[in-house]
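S.K.:
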Amino acid sequence: MPLYNKLKDFRTKLGVNQQQMGALVGTSRQTISQIERGDYSPSVTLALKIAKVCGVSVEDIFEYSEDGTNE
Amino acid sequence: MNENKNKTKKKNSSAAAKLIKVLVPSILIGAVLGFLIGYYQEMVADVDMTAFWDSFNTASYYAMPAVYAVVFIAIIALCLHFISKAKKIIANWDGEDEDTIDKAEKSLSISLSIGSIGNLVTYFMFGLWAYFMSNAAIEWDAKTLVISLAFLLLFLVSLIVSVLIQRTAVELTKKVNPEKKGDLLDFKFAKEWENSCDEAEKLTIYKSGYLAYKVTNYVCIGLWLICVLGEMSFGFGITPLLFVTAIWLSLTLTYLITAYKLENKR
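These protein sequence lines map, in sequence, to chains A and B. Under this note's numbering, the first residue of the first sequence carries the number 8, and numbering increases by one thereafter. Under this note's numbering, the first residue of the second sequence carries the number 11, and numbering increases by one thereafter.
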């Protein structure tokens, strides 16, 4: 999957668990877990909501790399 | 441009080769099956199996309530085992450990899956019992009436128990996922539950639904073939073919109409 993310790091900085994070962005705990594991790529809307809650830009959390390497 | 043409040619010939690999064995298997069916018909044409089938149907009619009870108890026991496992994990969950709550959700999911498949099995067994009752050589006396009523009661009780256990699993799921909405006993449960799912969960539902649609299409083709061959060889009658066609048609129409509505919404 070419989309990498640092959601777990930002969530830890916020001091919330996955369920609380899910409640903040309007999604389920499992979806937060899937995003963190790289098993699910969120929609643009969800990615923006996550970034807003974390107080950073989308690019700070999510990184797209076509060649499969995480720079 | 020539390179693209060559690539397409290679792809097409590879697809054709795959098709031949499937067609040839299918034709051979069909030929062997056809021969075996014809041979079987020749062999049993003059054999009177009435007495055997009468005994079999009668014995099965009397045995069915016990068999049903055993199967039902096994299904319920399995469901309760996984629900109980999930309950213990949830009760001891600190609200932080994600691996722990994943295990609980997995147990609940397994319980619901066993419940769903178990329901199908019990419906099938009830249908079987109705078949044996119609075809058994039994005297309709007080004993037979009691057995029939007892089995009907067992079936109703099993339906109620099954729904209550599934409801327990759903309520536990809602406890872990408070954003989920819907009561299993409500007719609108499926719609409310779907609406309360987030984008990732909806994607899972839709992907699973599409795969189920594709697989059921293939199953319908197979069943249609069995109905046609069955009528030609064993006199199945038109009823099985009508039922298969009804299922196939409702599946196809639902898919087409839904796709059309979604396309034209844009």
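No residue lacks a Cβ here, since even glycine has one placed at the ideal position from N, Cα and C.
1. Under the three-state reduction of DSSP, which class applies to tyrosine 220 of chain B: helix, strand or coil?
2. How about alanine 179 of chain B and alanine 96 of chain B: are their beta carbons less than 9 angstroms apart?
3. With 16 other CB atoms within 10 Å as the buried threshold, where does alanine 277 of chain B fall?
4. Please list the terminal residues of the continuous alpha helix (DSSP H) segment that includes tyrosine 72 of chain B.
5. How close, in whole Å, do the beta carbons of asparagine 24 of chain A and glutamate 106 of chain B come, if the pair is a contact with beta carbons under 8 angstroms?
6. Taking all protein chains shown into account, decide if glutamate 13 of chain B is buried (16 or more other Cβ within 10 angstroms of its Cβ) or exposed.
7. Would DSSP call isoleucine 267 of chain B helix, strand or coil?
8. Measure the beta-carbon distance from leucine 194 of chain B to arginine 177 of chain B and round it to whole angstroms, keeping in mind my assumption that it falls under 8 angstroms.
9. Contact defined as beta carbons within less than 8 angstroms: I believe glycine 192 of chain B pairs with serine 206 of chain B. What is the distance between those atoms, to the nearest angstrom?
10. According to DSSP, what are the bridge partners of phenylalanine 166 of chain B?
11. What does the alpha-carbon distance come out to for the pair glutamine 72 of chain A and leucine 138 of chain B?
12. Does the Cβ of glutamate 181 of chain B have 16 or more other Cβ atoms within 10 Å, making it buried, or fewer, making it exposed?
13. What first and last residue would you give for the alpha helix (DSSP H) that runs through asparagine 12 of chain B?
14. Considering only the alpha carbon of each residue, which of B:Phe165, B:Ala146 and B:Lys271 lies closest to serine 65 of chain B?
15. Are there three or more Cβ pairs, one per stretch, closer than 8 angstroms when the segment 116-133 of chain B is compared with the segment 157-176 of chain B?
16. Alpha carbon to alpha carbon, how far is alanine 76 of chain B from alanine 140 of chain B?
17. Quick check on glutamate 277 of chain B: does DSSP put it in helix, strand or coil?
18. Please check the pair leucine 233 of chain B and valine 254 of chain B, which I expect to be a contact at CB under 8 angstroms, by giving their CB distance rounded to whole angstroms.
M.R.: Looking at the coordinates:
1. Taking the first residue of the second sequence as 1, we reach residue 220 of chain B at position 210. Helix, per DSSP.
2. Start at 1 with the first residue of the second sequence, and residue 179 of chain B comes out as number 169. Start at 1 with the first residue of the second sequence, and residue 96 of chain B comes out as number 86. In contact: alanine 179 of chain B and alanine 96 of chain B (Cβ atoms closer than 9 angstroms).
3. Nothing in the structure corresponds to residue 277 of chain B, since chain B is present only between 11 and 276.
4. To locate residue 72 of chain B, count along the second sequence from 1; it is residue 62. Segment 60-102, the alpha helix (DSSP H) holding tyrosine 72 of chain B.
5. Your numbering for residue 24 of chain A matches position 17 in the first sequence. Your numbering for residue 106 of chain B matches position 96 in the second sequence. The Cβ separation is near 5 angstroms, so the contact holds.
6. For the purposes of this step, residue 13 of chain B is taken as residue 3 along the second sequence, with counting starting at 1. So glutamate 13 of chain B ends up on the exposed side.
7. Taking the first residue of the second sequence as position 1, residue 267 of chain B is located at position 257. Isoleucine 267 of chain B: helix per DSSP, three-state reduction.
8. Position 184 of the second sequence, counted from the start, is the residue given in the question as residue 194 of chain B. Position 167 of the second sequence, counted from the start, is the residue given in the question as residue 177 of chain B. Yes, leucine 194 of chain B and arginine 177 of chain B are in contact; Cβ-Cβ is about 4 angstroms, under 8 angstroms.
9. Along the second sequence, one-based indexing puts residue 192 of chain B at 182. Along the second sequence, one-based indexing puts residue 206 of chain B at 196. Confirmed, Cβ separation roughly 7 angstroms.
10. Translated into positions along the second sequence, residue 166 of chain B becomes position 156. Residue 166 of chain B is actually leucine in this sequence, not phenylalanine. None, per the DSSP bridge assignment.
11. Position 65 of the first sequence, counted from the start, is the residue given in the question as residue 72 of chain A. Position 128 of the second sequence, counted from the start, is the residue given in the question as residue 138 of chain B. Position check: residue 72 of chain A holds serine in this sequence, whereas glutamine was assumed. Straight-line Cα distance between these residues: approximately 57 angstroms.
12. Along the second sequence, one-based indexing puts residue 181 of chain B at 171. Exposed, because fewer than 16 other Cβ atoms sit within 10 Å of the Cβ of glutamate 181 of chain B.
13. Residue numbering aside, residue 12 of chain B sits at position 2 when the second sequence is read from its first letter. Unbroken alpha helix (DSSP H) run through asparagine 12 of chain B: 12-54.
14. Mapped onto the second sequence, residue 65 of chain B falls at position 55. The shortest Cα separation from serine 65 of chain B among B:Phe165, B:Ala146 and B:Lys271 belongs to B:Ala146.
15. yes
16. Mapped onto the second sequence, residue 76 of chain B falls at position 66. Mapped onto the second sequence, residue 140 of chain B falls at position 130. Taking the straight line from one Cα to the other gives about 15 angstroms.
17. Summary: the structure shown does not reach residue 277 of chain B, with chain B confined to residues 11 through 276, and so no result is reported for it.
18. Counting from one through the second sequence, the residue named residue 233 of chain B turns up at place 223. Counting from one through the second sequence, the residue named residue 254 of chain B turns up at place 244. That pair is a contact at about 5 angstroms.
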